[in-house]
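Some notes on the structure that comes next.
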Amino acid sequence: MSSGGVGHKIELVLGGTSDADKQVLLDLLKNGTYEKVATVGRRPVQLDDSVPQDKLVQKTVDFENLDASRENFKNVNDVYCCLATTRHDAGSAEAFRRIDIKAMSSTQQR
Numbered sequence: 009m010s011s012g013g014v015g016h017k018i019e020l021v022l023g024g025t026s027d028a029d030k031q032v033l034l035d036l037l038k039n040g041t042y043e044k045v046a047t048v049g050r051r052p053v054q055l056d057d058s059v060p061q062d063k064l065v066q067k068t069v070d071f072e073n074l075d076a077s078r079e080n081f082k083n084v085n086d087v088y089c090c091l092a093t094t095r096h097d098a099g100s101a102e103a104f105r106r107i108d109i110k111a112m113s114s115t116q117q118r
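Under this note's numbering, the sequence shown has 17 at position 9, and the numbering climbs by one with no breaks.
The structure is reproduced here in structure tokens:
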């Protein structure tokens, strides 16, 4: 992690597609503390046009193969983990575990 000062900090948000997660992202984009706010997820975060997005960088990754996306985790100052799903949305108990347990623990190793 780098040690940039205010205005030069980079925030990483893992996931961020639920309504609650979007509130975290909205606050990060509006508060002015970060030079860049990056999201890393299975799909892009859809934000309303009224949300300032000049600092936003979105990356789509395969959480089953995070080694291929290692660069997305470098040089960040702070990380918010917003990875979560329900068994219903995941489609099975195994898929739920892959997202809620395996993906989160894999990102911590980066």
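Glycine is no exception: its CB is placed at the ideal position from the N, C-alpha and C atoms. These figures come from a predicted structure and were not determined experimentally.
Use the C-beta contact count for residue i: other C-beta atoms within 10 angstroms, 16 or more gives buried, fewer gives exposed.
| i | result |
| --- | --- |
| Asn80 | buried |
| Gly99 | exposed |
| Val65 | exposed |
| Val8 | Given a span of 9 to 118 for the chain in the structure shown, any question on residue 8 remains unanswerable. |
Counting along the chain, where does the alpha helix (DSSP H) carrying residue i start and finish?
| i | result |
| --- | --- |
| Ala76 | Neither: Ala76 is in no alpha helix (DSSP H) and is coded neither H nor E. |
| Asp56 | Asp56 -> no alpha helix (DSSP H), and no H or E assigned at all. |
Identify whether residue i lies in helix, strand or coil by the three-state DSSP scheme.
| i | result |
| --- | --- |
| Gln66 | strand |
| Val21 | strand |
| Val87 | strand |
| Gln61 | coil |
| Ala28 | helix |
| His96 | helix |
Determine the extent of the beta strand (DSSP E) in which residue i is found, giving its start and end residues.
| i | result |
| --- | --- |
| Ala46 | 42-49 |
Evaluate contact between the stretch 45-56 and the stretch 66-82, counting only Cβ atoms and requiring at least three cross-stretch pairs below 8 angstroms.
Contact between the stretch 45-56 and the stretch 66-82 is present, with at least three C-beta pairs closer than 8 angstroms.
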